[in-house]
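Structure record follows, encoded as structure tokens.
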Amino acid sequence: MKIYHLFLFLLSWQISIGFTQTPPPKKNTSVTPIITEQINNVKENDDEVFEDVEKDSTNLVRMAMAAKPKSKPKKKVENNKHNLNDDELWGLPAHKKNDEAVIQHKYYTLRYREEHEQAEWVAYKLTADETEGDGERDKFLEDKKVKTGSAKPNDYTKSGYDRGHLAPAADFNFSQEAKSESFYMSNMSPQTPQFNRGIWKHLEERVRYWVKTKENLYIVTGPILREGLETIGVKNKISVPEYYYKILLERKSNGTYSAIAFKMKNEPSKKVLAEFVVSIDQLEEETGIDFFPNLPDNIEKILEKTISRKGWF
């Protein structure tokens, strides 16, 4: 009986004080594991950003992640890319050192013939990314860089001829400054309206089409000048050319070249462009200009004697 009473006493004592229990683990309210988990579930992308993490009143974590693509920067076109750098001077026709008739503008180079009051050649480089833009037309300007004085805009007034661009304004749309520079009178030549706005414009447009399929183009263009040509002008006597030429030279990154040359009469025409293709040799003979004297001799010889439409038409 004593043992029985002792057992009851011990049992009542444990119930009164309760059994010792291990407290449950505290919840981890740190935001770090949650953020890490959610970020790891998002594909890494340099174009995504994450907004700040906020806590609500119950200490629960809510994270809003906004995937916002960064705006891609517009591709910049170097302002002087049209002109030739020191490694590309082979793209210029032959001329004497320190020739004052050679005028280097920011976007193209020309050689001015004072006796004809216009350039005998204009040279520049054209790439595909320069064919787009929204440059606006500008007014015609006398070229102050021509020391002997260039033609003036009013020399063409009521002459019946357009102030025809040699280097076309649309090749300089990528920059307003460049397009404005193309309106210097040194870049103009008297062209019949039907020629300037017809077959000549068609060739200019085709050049901008070609450059999109090629790595680049080195362009030399101008009138074929000679003595005895008709003239127009008020204060200046500007020769009216009978023919114009345009030469396109592609220099590929693999070290190879291709070229094509055109000769067009200053009159309206419905012929296809392929009918105007001539050799560079022929143009050199008719103009007296050595077009690419600094190319390796073997390359120059082949390019200038060949008449090939392959890869162009």
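Using this note's numbering, the first residue of the sequence shown is number 27, and each one after it goes up by one. Glycine is no exception: its CB is placed at the ideal position from the N, C-alpha and C atoms.
Residue i to residue j, Cα distance in whole Å?
| i | j | result |
| --- | --- | --- |
| Glu-230 | Lys-261 | 30 Å |
| Asp-164 | Lys-205 | 8 Å |
| Leu-152 | Thr-247 | 13 Å |
| Glu-310 | Gly-117 | 15 Å |
| Gln-220 | Ile-306 | 26 Å |
| Phe-26 | Pro-179 | Since the displayed the chain opens at 27 and closes at 339, residue 26 lies outside it and no answer follows. |
| Trp-338 | Trp-236 | 7 Å |
| Lys-123 | Ile-245 | 21 Å |
| Lys-184 | Pro-322 | 47 Å |
| Glu-140 | Ala-177 | 9 Å |
| Glu-156 | Glu-326 | 27 Å |
| Arg-223 | His-142 | 23 Å |
| Leu-243 | Phe-198 | 14 Å |
| Leu-274 | Lys-263 | 30 Å |
| Gly-254 | Lys-171 | 27 Å |
| Arg-252 | Pro-319 | 22 Å |
Name the residue from the options whose alpha carbon lies nearest to the alpha carbon of residue i.
| i | options | result |
| --- | --- | --- |
| Lys-272 | Trp-226, Ile-328, Asn-109 | Trp-226 |
| His-377 | Asp-316, Glu-326, Val-172, Trp-338 | The structure shown does not extend to residue 377, since the chain is modelled only from 27 through 339, so no value can be given for it. |
| Ala-17 | His-108, Glu-114, Lys-123, Trp-147 | Coverage of the chain is limited to positions 27 through 339, which leaves residue 17 absent and any answer about it impossible. |
| Glu-241 | Asn-280, Asn-320, Glu-253, Leu-299 | Asn-280 |
| Pro-216 | Glu-126, Ala-145, Val-298 | Ala-145 |
| His-131 | Gly-254, Glu-143, Arg-139, Leu-110 | Leu-110 |
| Gly-159 | Tyr-182, Phe-200, His-142 | Phe-200 |
| Ile-328 | Thr-282, Lys-296, Glu-256, Lys-297 | Thr-282 |
| Ile-333 | Lys-263, Val-298, Phe-288, Asn-324 | Phe-288 |
| Ile-129 | Ser-295, Val-298, Lys-173 | Lys-173 |
| Arg-232 | His-191, Gly-175, Val-298 | Val-298 |
| Ser-295 | Tyr-269, Arg-252, Asp-125 | Tyr-269 |
| Thr-239 | Lys-278, Leu-115, Arg-252 | Lys-278 |
| Glu-256 | Glu-114, Gly-175, Tyr-187, Leu-115 | Tyr-187 |
Enumerate in chain order the residues of its own chain whose CB-to-CB distance from residue i is below 7 Å, with the five nearest sequence positions on each side excluded.
| i | result |
| --- | --- |
| Ala-193 | Tyr-134, Val-148, Tyr-150, Ser-208, Asn-213, Thr-247 |
| Lys-291 | Glu-268, Tyr-269 |
Assuming residue i contacts residue j under a Cβ cut-off of 8 Å, what Cβ separation, rounded to an integer in Å, is found between them?
| i | j | result |
| --- | --- | --- |
| Ser-284 | Glu-276 | 5 Å |
| Ile-258 | Thr-313 | Going by Cβ atoms, the distance from Ile-258 to Thr-313 rounds to 21 Å, so no, they are not a contact pair. |
| Phe-210 | Asp-181 | As written in the sequence, residue 210 is Tyr, which differs from the Phe given in the question. Contact flag wrong, Cβ pair sits at about 14 Å. |
Mind checking if residue i is an interface residue toward chain D, Cβ cutoff 7 Å exclusive?
| i | result |
| --- | --- |
| Trp-116 | Of the protein chains in this structure there is only one, and it is not chain D. |
Excluding sequence positions up to five away, which residues of its chain have a Cβ less than 8 Å from the Cβ of residue i?
| i | result |
| --- | --- |
| Arg-335 | Ile-286, Ala-300, Val-303 |
| Glu-293 | Thr-218, Gln-220, Phe-221 |
| Asn-324 | none |
| Asp-125 | Arg-137 |
Among the residues of its own chain, which have a CB less than 6 Å from the CB of residue i, if the five just before and after it don't count?
| i | result |
| --- | --- |
| Glu-330 | Ile-306, Asp-307 |
| Ala-127 | Arg-137, Tyr-138 |
| Ala-154 | Val-237, Lys-238 |
>> Going residue by residue through the stretch 268-329, where are the continuous beta strand (DSSP E) segments of at least 3 residues, counting only ones entirely within it?
In response: For the stretch 268-329, whole beta strand (DSSP E) runs of length 3 or above, ordered along the chain, are 269-277, 283-291.
> What beta strand (DSSP E) runs, 3 residues minimum, are completely inside the stretch 202-250?
Replying inline: 214-217, 243-249
>> Which complete beta strand (DSSP E) runs does the stretch 103-171 hold, if anything under 3 residues is left out?
In response: 128-130, 135-139, 144-152
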